[in-house]
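Student: Number 402 in the numbering used here belongs to position 311 of the sequence shown; there are no gaps in the numbering.
The C-beta atom is built at its ideal place from N, Cα and C for all residues, glycine as well.
Please find one structure pasted underneath; my questions will follow.
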Amino acid sequence: MKTLSDHVSALMPQMQRWRRDFHHYAESGWLEFRTATHVAEVLHNLGYQLRLGREVIDAGARMGVPSADVIKQQEARALEQGALPQWLSHFSGGFCGIVATLETGRPGPVMGFRVDMDALDLNESQAADHPPQREGFASCNPGMMHACGHDGHTTIGLGVASVLMAMKDRLSGTFKLIFQPAEEGVRGAKAMVGAGVVDDVDLFTAIHLGTGVPAGELVCGSDSFLATTKLDVSFTGVGAHAGGRPEEGRNALLAAAQATLALHGLTQHSGGVARVNVGVLQAGTGRNVVADCALMKVETRGASNEVNDDIYQQALRVIAGAAAMYGVDYEVKLMGAARSCTPTQPWVDFIHQQADALGLFQSVVDRKPQAAGSEDATYMMERVKQHGGQASYVIFGCELAAGHHNAKFDFDEQVMATAVTLLSTLALNQTDFGGTR
């Protein structure tokens, strides 16, 4: 293990440079052009087999994709900011996914690690006491900020890739490093699953840092994620003069308002926690015009896939009923989705055992009650389990400057070394795993 420790220690300065570079050039979901080209370059130089872009993303399964104009603008922006032209064509159109494979030539399982690459649609703090601002690596892209640690996740993925290649002679089996776009809004994983990227994976691990877990603690199998569905609803009515001929109008604003009120009455369910939220409601064009258009941005969540599916179907009926009530048309567009998923206990037990043996953590737990968020790596976990494999979601506790999705978010970079050490240990010792495929 001293050899692994030496590798990670020597790699840490480079990991800090990678992380701060990704943070400075933050890119939102499906727009990770610069990030993806630099990740591909590192992996290529390390000697990995690469599958890129449309090879690892099912175009028909993408959700919440920006407009063609936005994609084109952001691709040009990425080039101006140092995206590598030799790789950019693979990701053109917003297909910013990467799968890097290392085949050792020795028999063993296929092990997969998933990390995400996208930033949030958020303006980063410019306050002098915000470390990225003070140290010169705050985001230079307006409305895009790594406020959830995905810059750290991407760096951890590259760190694991570096260590595994350096220690290839000690490995058996096959290793797949999955760099996923568009986790925010739970938009990207389903499309990668649709492309079959985890169909051959026997042992799967997704990761996150922070999430309210204290520094020094490791959660080996988080299972607190709610299933969720994200949807945009457009109502289309008929405009009319509100004073002169209101009877000629069909009011899209009232349909959306009626739907909003009704949707917020749907959250009770005997099967477990359920949630509905209308986060955005935009309608109309002027005070003297019967509104001919309205837009709602809605999400449902549930403690299980069954609960969320039931709430989602109820939501669709409410939306249809509100539209019928006011005689307007409507369109529902799916913008994102994730499932609930329970990690497989044998793999959780093995992670726990390996973490205890390292002695790096103050506390190692299987699970930890957390805030009810969602995560689309659950699609990958479910697919691996459906094919008889083992899967888990690991959280590395660390000190945060502010909570996730906050303009002052930042994290203690030392957690990246800890994460690379544990994940590399799992890879080195996976032949000791006594569970089933």
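Using C-beta distances below 8 Å, list every residue in its chain close to Gln217, excluding the 5 sequence neighbours before and after it, in chain order.
Tutor: These residues qualify, in order along the chain: Gln224 and Ala229.
Student: Is the segment 191 to 204 touching the segment 283 to 300 in the sense that three or more CB pairs, one from each, lie closer than 8 Å?
Tutor: Touching, per the Cβ criterion.
Student: Considering Cα atoms alone, identify which of Glu215, Gly328, Lys163 and Met208 is closest to Ala414.
Tutor: Checking every option, the nearest Cα to that of Ala414 belongs to Gly328.
Student: Identify the residues that DSSP records as bridge partners of Phe204: which are they?
Tutor: Answer by DSSP bridge pairing, in chain order: Leu268 and Thr296.
Student: Note down the Cα distance separating Ser119 from Tyr470, rounded to an integer number of angstroms.
Tutor: Each residue's Cα considered, the two are about 20 Å apart.
Student: Rounded C-beta distance between Trp121 and Ala306? I'm assuming under 8 Å.
Tutor: With 8 Å as the limit, Trp121 and Ala306 do not qualify as a contact, their Cβ atoms being about 32 Å apart.
Student: Mark Gln481 as exposed unless 16 or more other C-beta atoms lie within 10 angstroms of its C-beta, in which case mark it buried.
Tutor: So Gln481 ends up on the buried side.
Student: Name the one or two DSSP bridge partners that Arg392 has.
Tutor: DSSP lists Thr319 and Arg366 as partners of Arg392.
Student: Give the DSSP-derived three-state secondary structure of Ala348 in the structure shown.
Tutor: Three-state DSSP puts Ala348 in a helix.
Student: Is it true that the segment 186 to 200 meets the segment 255 to 275, where meeting means three or more beta-carbon pairs spaced less than 8 Å apart?
Tutor: Flag = yes, the segment 186 to 200 and the segment 255 to 275 touch.
Student: In angstroms with no decimal places, state the Cα-to-Cα distance between Ala429 and Ala297.
Tutor: For Ala429 and Ala297, the distance between alpha carbons rounds to 14 Å.
Student: Can you give me the C-alpha to C-alpha distance between Met103 and His244, rounded to a whole angstrom?
Tutor: Cα-Cα distance, rounded: 14 Å.
Student: Touching or not, the segment 425 to 441 and the segment 345 to 354, by the rule of three or more beta carbon pairs under 8 Å?
Tutor: The segment 425 to 441 vs the segment 345 to 354: no contact.
Student: Report the three-state DSSP secondary structure of Thr302 (helix, strand or coil).
Tutor: Correct three-state label for Thr302: coil.
Student: According to the Cβ coordinates, are Leu513 and Ala446 closer than 8 Å?
Tutor: In this structure, Ala446 lies closer than 8 Å to Leu513 by Cβ.
Student: Going straight from the alpha carbon of Ala179 to that of Tyr421, what length do you get?
Tutor: This sequence places Leu at residue 179; Ala is not what is there. Whole-angstrom Cα-Cα distance: 38 Å.
Student: To the nearest angstrom, how far is it from the Cα of Met236 to the Cα of Ala518?
Tutor: Rounded to the nearest angstrom, the two C-alpha atoms are 31 Å apart.
Student: In its own chain, which residues sit with a C-beta less than 7 Å from the C-beta of Val419, not counting the 5 before and 5 after it?
Tutor: Cβ within range, chain order: Phe326, Thr327, Gly328, Arg341, Ala343 and Ala346.
Student: Return helix, strand or coil for Ile442, following the three-state DSSP convention.
Tutor: Residue state, collapsed to three classes: helix.
Student: For the beta strand (DSSP E) containing Thr192, list its first residue and its last residue.
Tutor: That run of the beta strand (DSSP E) goes Ile189 to Glu194.
Student: Lys163 lies in the alpha helix (DSSP H); which residues open and close that run?
Tutor: Segment Ala159 to Glu171, the alpha helix (DSSP H) holding Lys163.
Student: Exposed or buried, what is Val381 when buried is set at 16 or more other beta-carbons lying within 10 Å of its beta-carbon?
Tutor: Val381 is buried by the Cβ-count criterion.
Student: Starting from Ser253, trace the alpha helix (DSSP H) both ways and give me its first and last residue.
Tutor: His241 to Ala257 is the extent of the alpha helix (DSSP H) around Ser253.
Student: Can you find the residues in the same chain that come closer than 6 Å, C-beta to C-beta, to Val475, ignoring five residues on each side of it along the sequence?
Tutor: Same-chain partners within the cutoff: Val289, Val292, Phe295 and Ala482.
Student: Looking at the structure shown, is Phe124 part of a helix, part of a strand, or coil, going by DSSP?
Tutor: In this structure, Phe124 counts as helix in the three-state DSSP scheme.
Student: Whole-angstrom Cβ separation of Ile402 and Ala365, contact assumed at under 8 Å?
Tutor: Rounded, the Cβ-Cβ distance is 5 Å, consistent with contact.
Student: Using DSSP's beta-bridge definition, name the partner residues of Cys384.
Tutor: Thr327, per the DSSP bridge assignment.
Student: Considering just the uninterrupted stretch of the beta strand (DSSP E) at Ala174, what are its terminal residues?
Tutor: Note, Ala174: premise wrong, no beta strand (DSSP E); not H, not E.
Student: Would you identify the three-state DSSP class for Arg336, choosing helix, strand or coil?
Tutor: Three-state DSSP puts Arg336 in coil, outside helix and strand.
Student: Roughly how many angstroms separate the alpha carbons of His299 and Pro157, rounded to a whole number?
Tutor: Each residue's Cα considered, the two are about 25 Å apart.
Student: Using the three-state DSSP reduction, which class does Asp212 fall into: helix, strand or coil?
Tutor: Correct three-state label for Asp212: coil.
Student: Measure the alpha-carbon distance for Ala406 versus Asn136 and round it to whole angstroms.
Tutor: Straight-line Cα distance between these residues: approximately 49 Å.
Student: In the DSSP assignment, what residue or residues form a beta bridge with Ser183?
Tutor: In the DSSP output, where bridge partners are listed per residue, Ser183 has none listed.
Student: So Tyr484 and Pro437 are supposed to be a Cβ contact under 8 Å. How far apart are they, rounded?
Tutor: In fact, because the Cβ distance is near 15 Å, the residues do not count as touching under 8 Å.
Student: For Arg392, is the classification buried or exposed, using 16 other Cβ atoms within 10 angstroms of its Cβ as the cut-off for buried?
Tutor: It counts as buried.
Student: Please report the Cβ distance between Val439 and Gly303, rounded to the nearest whole angstrom; I am assuming they are in contact, meaning their Cβ atoms lie under 8 Å.
Tutor: 19 Å between Cβ atoms; not a contact.
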